[in-house]
Structures are given as C-alpha cells and as structure tokens.
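First up is the structure itself, then whatever we jot down about it.
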Amino acid sequence: MKGEWSGRPERATVTTVPKAVGSDLSEQDRRGVVRRLETDSWELLRAACSEIRTLDAREMLSRAGEKLEVSALLLDGLMARYVRGSNRNEPQSAIVALSVPGDFVDLHALPLKRLDHDIGALTPARIAIFPHAALDRIIERSADHARQFWGLTMIDASIHRHWIFRSSRLRALASVADFVSEMDLRLQDARETKVDRFPLPLLRSDLAEIAGISPVHVSRVCRELRESGACTIRDGYAEIHDRALLHRLAHFDPSYLYAPED
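Its first residue numbered 17, the sequence shown is counted upward by one per residue in this note's numbering.
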C-alpha cells in the first residue's frame with residue numbers, strides 16, 4: 017500500500033524479560049478505563065503495585081498456557097492479545113484485542129491463572145505489575161471493590177463482543193471505519209490523541225485480522241477512507257479529518273464502550 021504503510025518489524029517469536037523501572041504509580045497514570053475506579057479503590061491499587069516495567073515494540077509479555085501470578089495495567093503504549101492456531105505445520109495467529117493506556121491487559125488471569133492467548137506490545141510500552149495475592153486482598157476487603165474490578169472486565173468483554181460483530185458482519189469499509197472510530201474514542205479517554213491524530217502502529221496484516229478482510233482489501237479501504245475525506249491511516253498514525261463522516265461510514269454506535277455519563 018504505497019504511501020500508506022511504513023515498514024515495521026514482524027512480531028517477536030520469543031519472550032524476553034521486561035525491564036523494571038520502579039514501582040510508583042502517579043496520578044497521571046489514572047487514565048482511560050481505570051479512571052472509572054473510585055478514589056479509594058485506585059489508592060489501594062497504587063499501593064498494590066509491585067513494580068513498573070517497560071517492553072520493547074513487538075515484545076511478548078506472556079504466552080498462552082503459562083501460569084500467571086501477576087496482572088498488568090498498561091500505562092503507556094499499545095498492546096495486543098493474539099490467539100494462535102494449533103496447526104504446527106502452518107502457524108497462524110490473529111489479533112483479537114488491543115489494549116490502550118488505562119486497560120488491564122490480563123485482569124482475567126486473576127481467577128483463570130492460565131490464558132488461552134498470547135499478550136504482547138505493539139509499541140514500546142510501560143506496564144504496572146500487580147501480584148494476584150495483592151489484588152485478592154483488595155477484592156476481599158469489600159464487595160464494592162470487587163464490583164469495580166469486575167466492571168473493568170465486563171467492559172473488556174463488551175469490546176470483545178463488538179470485535180466479533182465487526183469482523184463477521186460489517187463490510188470492509190464500515191469495518192475499518194468502525195475500528196478507527198473505536199480507537200479514536202478509547203485513546204481520547206486515555207489522553208493519547210493530539211489534534212485528531214493518534215498512534216496506530218499496525219502492519220497491513222494486523223489491520224486485516226482486526227477488520228476481517230484480506231491485506232489487499234486493506235489497501236483499497238484505506239485509500240477509500242482517505243479519498244472520502246474521513247481519515248488517513250499512514251506511517252503508524254491515524255488522522256481524523258471528518259469525525260462525523262467517519263462515524264456515518266461505520267454506522268458507529270459507541271454504547272458498547274460504556275463511557276461514563278456526563
């Protein structure tokens with residue numbers, strides 16, 4: 017897709033050890049979905065953080081089947097969940113979720129302990145680590161704390177359901193427009209947008225997986241979006257030119273994001 021995509025490394029195939037860079041969460045880290053936690057729950061979460069780590073772009077955090085005793089909150093960057101096929105002769109994988117700052121990338125590992133998917137960084141990322149034992153103590157402290165953390169996982173599940181709908185039912189143009197509309201709103205909530213421009217560091221194959229279309233079709237759709245005046249996806253960024261038009265092309269209904277009412 018000449019002019020639309022810049023070269024980027026493929027996904028890492030080995031897990032490396034993330035770099036520890038401290039253990040203190042700041043008030044600026046309270047953004048995105050996690051900002052919906054009440055103040056007392058947030059303060060307990062801050063106290064439960066054992067360390068803050070960094071990941072390189074395309075570095076894996078965890079692999080399917082690994083036993084997990086901690087969960088991670090994304091503070092900066094973008095991360096993805098990958099489901100990999102079981103055919104060893106023809107390895108396959110698909111992105112099934114993207115996490116933005118303020119998202120727990122694996123809070124569902126708290127009760128499950130082993131996940132059915134890989135989790136990795138799309139961009140350089142900063143994450144806060146929480147031992148499951150510490151999270152259990154917060155949840156056991158009161159039913160209200162438990163409901164708030166449960167609420168975060170319910171929003172996560174709602175986004176998953178919409179991704180299934182998008183990739184299985186929307187036509188190509190609407191599917192990509194819907195995805196860009198979603199990321200625009202989620203990154204606004206995470207305070208990551210700058211003058212209608214936000215990071216979207218995806219390979220053409222990544223966007224094809226997310227939208228449920230072929231990589232060749234991705235090139236055509238991105239050209240159509242640019243020529244329509246709705247948005248441009250280029251060099252790892254998406255720039256919104258006409259948000260109302262973009263939403264019309266997607267038939268976008270953001271209710272599944274459960275944004276707080278003003």
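Ideal Cβ placement from N, Cα and C applies to all residues, glycine included.
Please read these numbers as outputs of a predicted model, since none were measured by experiment.
Item                                                                                                                                                                        : Value
Please report the straight-line C-alpha distance between ARG51 and SER235, rounded to a whole angstrom.                                                                     : 36 angstroms
Just checking my contact of ILE111 with ASP122 at CB under 8 angstroms: how many whole Å lie between their CB atoms?                                                        : Not quite, the Cβ-Cβ distance comes to about 15 angstroms (not below 8 angstroms), so this is no contact.
Run the CB neighbour count on LEU128, radius 10 Å, all protein chains shown included, and call it buried at 16 or more, exposed below.                                      : exposed
Alpha carbon to alpha carbon, how far is HIS257 from SER244? Give it in angstroms, no decimals.                                                                             : 10 angstroms
With a floor of 3 residues, list each beta strand (DSSP E) that falls wholly inside the stretch 153 to 223, ordered by position along the chain.                            : 213 to 215
Compare the C-alpha of HIS263 against each of SER197, THR209 and ALA173 and name the closest.                                                                               : SER197
Just verifying my parser: in three-state terms, what is the DSSP assignment at ALA80?                                                                                       : coil
For LEU203, which residues from the same chain have a beta carbon less than 7 angstroms from its beta carbon, with the 5 sequence-adjacent residues on both sides left out? : VAL116, THR209 and PHE214
Assign CYS65 to one of three DSSP states: helix, strand, or coil.                                                                                                           : coil
May I ask you to verify whether the stretch 64 to 73 touches the stretch 136 to 154, counting CB pairs closer than 8 angstroms and requiring at least 3?                    : yes
Tell me LEU114's beta-bridge partners as DSSP assigns them.                                                                                                                 : ALA96
Where does VAL121 sit, in a helix, a strand or coil, going by DSSP?                                                                                                         : coil
Hey, would you say LEU89 sits closer than 9 angstroms to ASP152, going by beta carbons?                                                                                     : no
Measure the beta-carbon distance from LEU223 to ALA193 and round it to whole angstroms, keeping in mind my assumption that it falls under 8 angstroms.                      : That pair is no contact at about 12 angstroms.
Please state if the CB of LEU114 and the CB of ALA96 are separated by a distance shorter than 9 angstroms.                                                                  : yes
Let's test the definition: count the other Cβ atoms within 10 Å of the Cβ of THR55 and tell me whether it reaches 16, buried, or not, exposed.                              : exposed
What do you get for GLN164, buried or exposed, if any count of 16 or more other CB atoms within 10 angstroms of its CB means buried?                                        : buried
Could you name the residues that DSSP lists as bridge partners for VAL86?                                                                                                   : PRO147
In three-state terms, what does DSSP make of ASP45?                                                                                                                         : helix
Here's a check: name, in chain order, each residue in its chain whose Cβ is nearer than 6 angstroms to the Cβ of SER42, leaving out the five neighbours to either side.     : none
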